[in-house]
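Step one of this worksheet: look at the structure below.
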Amino acid sequence: MMKRLCILVTALLGFGAVPAGATEVGVAMAHLDKGFLALLRTALEDTADKMDGVNLKIVIADDKRDVQLDQIRTFLADGVGAIIFQPVDDDVTETVNQMMADAKVPLVYVNRTPPQISFPGNVAIVSSNELVAGRAQMRMLAELAGGKGNVVILRGADSHPAAKGRTRGAKEVLAQNPGLTVVHEETGDWSREKAETIIAGLLSRGTRIDVIAANNDEMAIGAIRAYEKAGVSLDAVVIGGVDGTPAALDEMKAGNLEVSLLQSAPRQAEQAVKDAVVMAKGDFAQLYDWVPYELILPSNLGQYARN
């Protein structure tokens, strides 16, 4: 039976007594949120629960690089068989790659793709193609807007490859649609509250907005809240997010959100845990496991929405 423990503090204790022959897997996550990362954490736990002989421990770095490095060092000192890694930023990855290679312990990146293309140790990467997400989102928003109007782009954290990829993909589509003009672009840092503040400011200044392309669902919901609190109708704007979170699907059901793309936390988690266990046992896992995005629209919402 799997033994799991989620630590939400920066200190990290040892694994303690585990069943003989169990595979010990450390999970180092950058932070938690109310959206996709919360789903990913739960999916990692659920995946390990269904597997015999897996001892999973999750730690959270609160977006602090030094804390995450200390957590990795502690995992290695505890003798884990593999580490699943969602880095706090790109800069930490090179150090961790070398630490893992020196310790001869496999490393599985999940959700956040590292900037490197070659690695000194045994590495697998489980993620979704962010460029594809940005393109698909903006293509659909452009179509819904009739190919013309003013566009606002809400970026995630600028250091995050998902924000870079999704924004780049959106801009590639915008370049092919001269009738669409970006009137404002700003980082909302993945935050519902920050996105609400940004859009509220634009509305208060009388900025005409026809399209809002948010790098994630939480920021899309923040934009919706800004309209609601300002008493401005959502009928004249089309809004898109990414992740396909339950909260976003509720907004789509209510007619407030036009587009999202499902980033499957269960599929990413399942593949990451499987890769970690396989490599911990000395077997092969391919370098890249891409989990495809799925476009969610009001027309197919029934396939995804909660009952």
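The sequence shown runs -22 to -1, 1 to 285 under mature numbering (1 follows the signal peptide of the UniProt record, and there is no 0).
Every residue gets a Cβ at the ideal spot worked out from N, C-alpha and C, and that includes glycine.
A direct Cα-to-Cα measurement between Asp195 and Gly219 gives close to 4 Å. If one requires a minimum length of 4 residues, the alpha helix (DSSP H) runs lying completely within the stretch 63 to 112 are 69 to 81, in chain order. Taking every protein chain shown into account, the CB of Ala208 has fewer than 16 other CB atoms within 10 angstroms, so this residue is exposed. If you draw a straight line from the Cα of Ile131 to the Cα of Arg146, it is about 11 Å long. With a cut-off of 8 Å on Cβ pairs, the stretch 147 to 164 is in contact with the stretch 175 to 189, counting three or more such pairs.
One alpha carbon belongs to Glu72, the other to Pro139, and they sit about 15 Å apart. Beyond the five residues adjoining it in sequence on each side, Val129 comes within less than 6 Å, by CB distance, of Leu158, Val160, Val189 in the same chain, given in chain order. Unbroken beta strand (DSSP E) stretches of 3 residues or longer found wholly inside the stretch 107 to 189: 127 to 133, 158 to 165, given in chain order.
About 12 Å separates the Cβ atoms of Leu273 and Met116, ruling out a contact at the 8 Å cut-off. Here Lys35 carries a strand assignment [DSSP, helix/strand/coil].
Between Arg133 and Glu163, the C-beta spacing is below 8 Å. Residue pairing from DSSP places Gly218 in a beta bridge opposite Ala191, Val237. Annotation for Leu273: the continuous beta strand (DSSP E) segment containing it runs 272 to 274. In the same chain as Leu279, and ignoring 5 residues on each side of it, the C-beta atoms closer than 6 Å to its own belong to Met230, in chain order.
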